[in-house]
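Following: one structure in structure tokens, then a few remarks.
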Amino acid sequence: MYTTIVVPLDGSPFGEYALPFAVTLARALGSTLELVHVHRPYEPGEALEALPQYGFQGIVAYDVAADTEALAQQREWLEALAAGLASAHGLRVDAHLLAGPVVRALTEHLRDAGADLVVMSTHGSGLSQHKRLGSVADALVRHLAVPVMVLRPRSAAPPLAVPRRVLVPVDGSRFSESVLRPVVELARQFGAELTFFHVTTPPRAAEVPLQPFVHTAETPLAQPEAYLQSLADTLPAGMPPARLRVVAHEQAARAILDELAGGDPPYDAVAMATHGQVGVHHLLLGSVAEEVLQHTDRPVLLFRPPLAARPPAVEAPVARPVH
């Protein structure tokens, strides 16, 4: 049950791109919407602070005063935004202003709050340079066993309707199937139709190991259609029957993107497990999910299995709520 949907905001219009979609989900699910913003507190540099002229000129006091004013403005903005959404949509909307390093503050808050779903926009700027989802979204997916719905702004307006058709790529592993729990729960509440999707590779391509969601020659699926049907048979009663799609392609990400582009009727979202694959034959951050996110305009539900989670890197100072 999705009782709490968290939307991290950075104060920019870009950061608020995902907000209308989060409101749509919260209204459909009867969820509480949480708006979260992280303030980076002012910290004077020790080297400069030790200089007599630095302290004499009152620079520290000036910067601290400016930081206090910025904090008050951020609180006012966040609370006004929450009040406006609550009034306009009849939702319970909470506002949380945190302080500290952004990733650590968000991670600790989401764990403490017991968030069920994170909805956020992302630049994904790290994709082309570092093969990573990039930004805060990447860190949250890596550090939390909470599904994250990611939207990349590609049009003037975000999607405003709940997903009715969702593509779910799976490869026969329990890792890929870990996304079923969050996506099935969402689909059940929306009455959405799921399409279980499997990519088989030609023999020559199957020898290339770095392909999550694609079985290598050592672990092929002998009967992919039967495998997908076994997943469909586990869906709760009352849900629309799942569609089953098996395609042959050398590149899993391209096969998924082609399916998203050619779906008839169109797909509204895609749900994928990502991160946490181990061993030399897997990329740490799941290149297929990253490439799909980079090139699709659909919302992407990402989930990292709990067993694959690692503790976040130590980051100082420790994040703390702002009262």
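Every position in the sequence shown, counted from 1, becomes a number in our numbering once 10 is added.
Even glycine gets a Cβ: it sits at the ideal position worked out from N, Cα and C.
This structure is a prediction, so every number in the text was calculated from the model and none was measured.
Using a Cβ-Cβ distance cut-off of 8 Å, the segment 239 to 249 and the segment 265 to 273 are not in contact, since fewer than three pairs of beta carbons, one from each stretch, lie closer than that value. Taking the C-beta atoms as reference points, leucine 107 is found nearer than 9 Å to arginine 85. If you look at serine 188, you'll find it isn't in any beta strand (DSSP E); DSSP assigns it neither H nor E.
The beta-carbon separation of leucine 19 and valine 46, rounded to 7 Å, stays under the 8 Å limit for a contact. Secondary structure at leucine 311: strand, using DSSP grouped into helix, strand and coil. Inclusion of alanine 115 and aspartate 104 in the CB contact set at 9 Å is not warranted, their separation being larger than that value. Threonine 34 and glutamate 195 have their C-alpha atoms some 16 Å from each other.
In the DSSP assignment, arginine 114 falls outside any beta strand (DSSP E) and lies within the alpha helix (DSSP H) extending over 112 to 123. Only residues of its own chain outside the window of five on either side were considered, and among them Leu39, Ser41, Asp126 and Leu127 have a CB closer than 6 Å to the CB of tyrosine 12, listed in chain order. Secondary structure of alanine 265 (DSSP, three-state): helix. In this structure, Pro157 is the residue among Val151, Glu44 and Pro157 with its C-alpha nearest to the C-alpha of proline 192.
Taking leucine 245 as the centre and dropping the five residues before and after it, the same chain places the C-beta of Val194 and Ala252 closer than 7 Å to its C-beta, in chain order.
In the displayed model, alanine 96 falls within a helix according to three-state DSSP.
Contact between glutamate 235 and valine 256 is confirmed by a C-beta separation of about 6 Å, below the 8 Å threshold. The segment 305 to 317 makes contact with the segment 163 to 174, as at least three CB pairs between them are under 8 Å. When the beta-carbon positions are compared, arginine 162 and threonine 132 come within less than 9 Å of each other. Arginine 37 carries a helical assignment under DSSP once its states are collapsed to helix, strand and coil. Between methionine 249 and the set Ala283, Ala197, Ala258 and Glu260, the nearest pair of CA atoms involves Ala197.
For the 9 Å CB-CB criterion, proline 168 and phenylalanine 24 do not form a contact.
With fewer than 16 other Cβ atoms inside 10 Å of its own Cβ, alanine 82 counts as exposed. Listed in chain order, the non-local C-beta contacts of glutamate 301 below 7 Å within the same chain comprise Ala263, local neighbours out to five positions each way being set aside.
The shortest CA-to-CA distance from valine 16 to any of Ala76, Glu118, Asp77 and Trp87 is the one to Glu118. One Cα belongs to leucine 154, the other to glutamate 260, and the distance between them is close to 31 Å.
In this chain, the alpha helix (DSSP H) harbouring leucine 241 covers 234 to 242. The beta carbons of serine 145 and proline 315 sit no closer together than 9 Å. Counted as a single uninterrupted DSSP element, the stretch harbouring aspartate 181 is not any alpha helix (DSSP H), since DSSP gives it neither H nor E.
Nearest in C-alpha terms to threonine 78, of all of Asp181, Pro51, Ala123 and Thr284, is Pro51. Collapsing the DSSP output to three states places serine 131 in a strand. When secondary structure is reduced to three states using DSSP, histidine 208 falls in the strand class.
Looking at the backbone, the Cα of valine 160 and that of serine 183 are separated by about 23 Å.
Annotation for alanine 247: no beta strand (DSSP E) segment contains it, and DSSP assigns it neither H nor E. The straight-line gap separating the alpha-carbon atoms of proline 276 and valine 178 is approximately 14 Å.
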